[in-house]
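Only one structure is covered here, and it is reproduced in the block below.
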Amino acid sequence: MTMNDNENHHSSSSSNENCETDKYLDLILIDIKRAAKEHKIHCVKKSLNDKDLKYVAITYRRGEVKPVTIDTQCGYTATITGFALDDFYNLCNKMTKETDLKDIDYVWVDAICVDRSNSNGEEEQYYYEMTTLQQSMISSIYDQAQFIVAVPDLFLTYLKCNPVNEMILSYCTKELSLYIYHLLHGNRQQLVELDAHWLASCVKSGHSNHSTTATAAAAAAAHDLTRQQQQKISERKESILRVVQFLTDLMVNWSSRVWKINIYQMAKRQQQQQHREKLKYWFIQLEKCTFTVNGECGNDNNCMLTFFQFFFNDFNPSVSTSSIDHKDEKGTDLTTLSMTLYQDFQRKIDHQLNQQTFFDMMLRSKTSLNKNRFKAILPLSDYKHLQANVDDWHITSLTSVKLKLFEFMHTKDKLDLLYLSKPSPCQSFAMLPTFATLFYCSSSSPRMPQQQQQQQQQSLNFDVAASHDVIQYLPPSNDGADVRHQLKLHPKAYYTCASTAAYQETINEYKTIYQGVVCDDAQQQQHSIVCIPRYTRAWMKANFDLHDPMPYGMQLFLLGDFISNRWICIEPLTKRSVAQDPDWIHHHTEDELTVSPFILY
1 MTMNDNENHH SSSSSNENCE TDKYLDLILI DIKRAAKEHK IHCVKKSLND KDLKYVAITY
61 RRGEVKPVTI DTQCGYTATI TGFALDDFYN LCNKMTKETD LKDIDYVWVD AICVDRSNSN
121 GEEEQYYYEM TTLQQSMISS IYDQAQFIVA VPDLFLTYLK CNPVNEMILS YCTKELSLYI
181 YHLLHGNRQQ LVELDAHWLA SCVKSGHSNH STTATAAAAA AAHDLTRQQQ QKISERKESI
241 LRVVQFLTDL MVNWSSRVWK INIYQMAKRQ QQQQHREKLK YWFIQLEKCT FTVNGECGND
301 NNCMLTFFQF FFNDFNPSVS TSSIDHKDEK GTDLTTLSMT LYQDFQRKID HQLNQQTFFD
361 MMLRSKTSLN KNRFKAILPL SDYKHLQANV DDWHITSLTS VKLKLFEFMH TKDKLDLLYL
421 SKPSPCQSFA MLPTFATLFY CSSSSPRMPQ QQQQQQQQSL NFDVAASHDV IQYLPPSNDG
481 ADVRHQLKLH PKAYYTCAST AAYQETINEY KTIYQGVVCD DAQQQQHSIV CIPRYTRAWM
541 KANFDLHDPM PYGMQLFLLG DFISNRWICI EPLTKRSVAQ DPDWIHHHTE DELTVSPFIL
601 Y
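Just so it is clear: in the sequence shown, position 439 is 439 by full-length UniProt numbering, and no numbers are missing.
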């Protein structure tokens, strides 16, 4: 598939536009079986309009390896730097043995199947430079693939360059490969058998080492054997734990990148629409995982295996709690640990792929180009109609991302962004605007039934149905009258702190900042501390006790003064609800006609 930008693409001529569109319908694919058997890249050109075309689309984490240039014989050369070809050939070999993929002839991977002649080869820069049409075509490629396979360790050769990974990779690629395969599948029975086989070999080895022990020392030898066994078991437990954690980190790293989020969210949407699981994942470091049909390990050409499947539904690993908490006569401590690790792994992956909110994907994802946050995530949201405007927004930093979100989002989303942001531990609070320079903290609240969610929204401390904007972002004025970003906030009620003695140290710190960055005459003003709860006093009292800490995002604390109506966001002064605290005085804004919306800087 050719992805070159050219002047004709931007031409207003409809004929040129149609020609450009036709060009993108050419799809470059790689012959899987030839790559697996011959260790050669053989590319073929197909049409994306071919409804009978079946192929696998790969998504992976890039590394940095020695560049290799390939002539695709399709009009361009591909330079590969993100993974080693031997690792790719290994993947192709496994696909020819995978139960669902073995009959599919072609695979698509962007590093080879996309012409990047006019790009510097960097993935982020490449996606940054793509036009809307090109991004749409990439989406179509993943959308029409028979399966999407995520390979978080396709850059295995690069991982091996780090000595820290050497021991873990050795365990995973050799000693524990088969074991980890069954662990990640949740195959308890196979783990029981493997553990029993390993323990038997451990005992046999121990007896062999003590075969010449004198009769007089038999008891001591037996004690030593048990101690050696326990040491080996502890070492094996530690090895299994480290390998699973390593694979978990790889999976989280892959799934945290903005364009990977775009891809697996696409797979999620397709599963919901077509009721067909499409996303698989695999770790190529599991080199020794080849199985015959009856599940035994083998090396012949008839060996089969199954990649790991992700189901975009409620978290429900195929293992009962009782099978984890209680080992039976066939189980061991090793098996119990492994099944616990299986659930932990599944829970972590489920959180990454299935429970991310719009803000999680937009603000907690990884990217070296903040503009790509909008390019990758907007198409997944209610704001997809704005994606064509991203190039005009001049996004340069995470702060500019937040300011743009405050500009176009719905009222509820703006409130969520404001209340779910908190100071970073290493943050300087002299940064303006304080409402947009806070670190976004994902809500850790559990999922609630729909009825409870509706009741909670009806208890907001903001009249979202009001004719006026309860939260409104004001950019710096063009005439230079005010060069600061502002956020107007109009709650139904708020609290003022009657006794600030306990918070004086924090207040003094923020007073200095307030005087320096908000207004020059701040020293002449009376500073106030204000708390604006996210929900009404009745709801807060009903759900939180005075002495119980609340989840983050329930209260917003401000420092400022009512005369100039200038406020800055400060760190929470208490984790408890102020609704029942006698040191905090409740005020209704409708009872105070002179109170304007709070203006945050």
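Idealized CB from N, CA, C, for every residue including glycine.
Got a sec, what are the start and stop residues for the alpha helix (DSSP H) residue i sits in?
i             : result
cysteine 569  : Taken as a continuous stretch (DSSP letters only), cysteine 569 belongs to no alpha helix (DSSP H), being part of the beta strand (DSSP E) at 566-570.
tyrosine 419  : 411-419
tyrosine 473  : First-last for tyrosine 473: 471-474, but that is the beta strand (DSSP E), not the alpha helix (DSSP H).
threonine 399 : 398-408
cysteine 113  : 110-113
aspartate 360 : 358-363
residue 649   : The structure shown does not extend to residue 649, since the chain is modelled only from 1 to 601, so the question has no answer here.
threonine 69  : Taken as a continuous stretch (DSSP letters only), threonine 69 belongs to no alpha helix (DSSP H), being part of the beta strand (DSSP E) at 68-71.
Between residue i and the rest of its own chain, which residues show a CB-CB distance below 6 Å, the 5 nearest in sequence each way excluded?
i                 : result
alanine 111       : Ile80, Gly82
phenylalanine 246 : Ile168
threonine 173     : Gln285, Glu287
phenylalanine 598 : Leu489, Trp567
tryptophan 393    : Lys404
leucine 341       : Val244
So, for residue i: in the same chain, excluding its five sequence neighbours on each side, which residues have a beta-carbon less than 8 Å away from its beta-carbon?
i              : result
histidine 547  : Arg576
arginine 373   : Val258, Met362, Leu363, Ser365, Thr367, Ile395, Val401
aspartate 360  : Ser442
histidine 588  : Lys492, Ala493
threonine 157  : Gly63, Val65, Phe83, Ala84, Asp86, Asp87
tryptophan 108 : Leu27, Ile28, Leu29, Ile30, Tyr55, Val56, Ala57, Ile58, Ile141, Ala145
Compare the Cα-Cα distances from residue i to each of the options and report the closest residue.
i                 : options                        : result
glutamate 235     : Leu460, Leu199, Leu156         : Leu199
asparagine 162    : Asn49, Glu64, Leu415           : Glu64
lysine 94         : Val151, Tyr142, Met540         : Val151
valine 252        : His385, Leu420, Tyr281         : Tyr281
tyrosine 106      : Ser421, Arg484, Phe408, Gln146 : Gln146
glutamine 190     : Thr335, Leu460, Ser564         : Thr335
phenylalanine 544 : Val578, Ile148, His527         : Val578
proline 379       : Lys66, Ser140, Lys45           : Ser140
proline 582       : Glu571, Glu238, Thr496         : Thr496
glutamine 343     : Asp50, Gly186, Ser499, Arg227  : Gly186
lysine 384        : Leu405, Asn370, Thr399         : Leu405
glutamate 407     : Val203, Gln387, Gln472         : Gln472
valine 68         : Arg62, Leu85, Thr59            : Leu85
residue 606       : Trp254, Arg242, Ser201         : Nothing in the structure corresponds to residue 606, since the chain is present only between 1 and 601.
leucine 573       : Phe358, Arg347, His588, Pro549 : Pro549
residue 602       : Lys54, Thr59, Lys237           : With the chain covering 1 to 601 only, the question about residue 602 has no answer from this structure.
How would you write the range of the beta strand (DSSP E) that residue i sits in, first residue to last?
i              : result
residue 690    : No information on residue 690 is available, as it lies outside the stretch 1 to 601 that the chain covers here.
alanine 497    : Before going on, a small fix: residue 497 reads as cysteine here, not alanine. That run of the beta strand (DSSP E) goes 493-497.
tyrosine 281   : 279-281
leucine 489    : 486-489
histidine 588  : 584-588
valine 44      : 43-47
leucine 27     : 26-31
cysteine 531   : 528-533
isoleucine 599 : 598-600
alanine 78     : 77-80
If you drop the 5 nearest sequence neighbours on each side, which residues of the same chain put their C-beta closer than 7 Å to that of residue i?
i            : result
leucine 169  : Leu159, Lys160, Gln285
serine 338   : Leu183, Leu191, Ile240
valine 464   : Thr411, Lys412, Val470
lysine 278   : Phe147, Ile148, Ala267, Gln270, Gln271
arginine 34  : Lys40, His42
tyrosine 142 : Ala57, Ile148, Ile263, Met266
tyrosine 419 : Arg534, Gly553, Leu556
lysine 422   : Leu438, Phe439, Cys441, Tyr552
Determine the burial state of residue i: buried for a count of at least 16 other Cβ atoms within 10 Å of its Cβ, exposed for fewer.
i                 : result
glycine 75        : exposed
valine 258        : buried
methionine 431    : exposed
glutamine 356     : buried
phenylalanine 437 : Per the sequence presented here, residue 437 reads as threonine, with phenylalanine not at that position. Buried, by the Cβ-count rule.
proline 475       : exposed
threonine 434     : buried
glutamine 457     : exposed
glutamate 98      : buried
glutamine 231     : exposed
glutamine 375     : It should be pointed out that residue 375 corresponds to lysine in this sequence rather than to glutamine. The residue is buried, with at least 16 neighbouring Cβ atoms inside 10 Å.
lysine 260        : buried
lysine 414        : buried
isoleucine 28     : buried
glutamine 274     : exposed
Does the CB of residue i have a neighbour CB from chain C at under 7 Å?
i             : result
threonine 157 : The displayed structure is made up of one protein chain only, and chain C is not part of it.
Please determine whether the Cβ atom of residue i lies at a distance below 6 Å from any heavy atom of the ligand MN.
i              : result
isoleucine 471 : No copy of the ligand MN occurs in the structure displayed, which carries no ligand at all.
Worksheet item: Just checking, does the stretch 31-40 make contact with the stretch 86-93 on the three C-beta pairs under 8 Å criterion?
Response: yes
* Asked: Should the stretch 502-509 be regarded as contacting the stretch 537-546, the criterion being three or more beta carbon pairs within less than 8 Å?
  -> no
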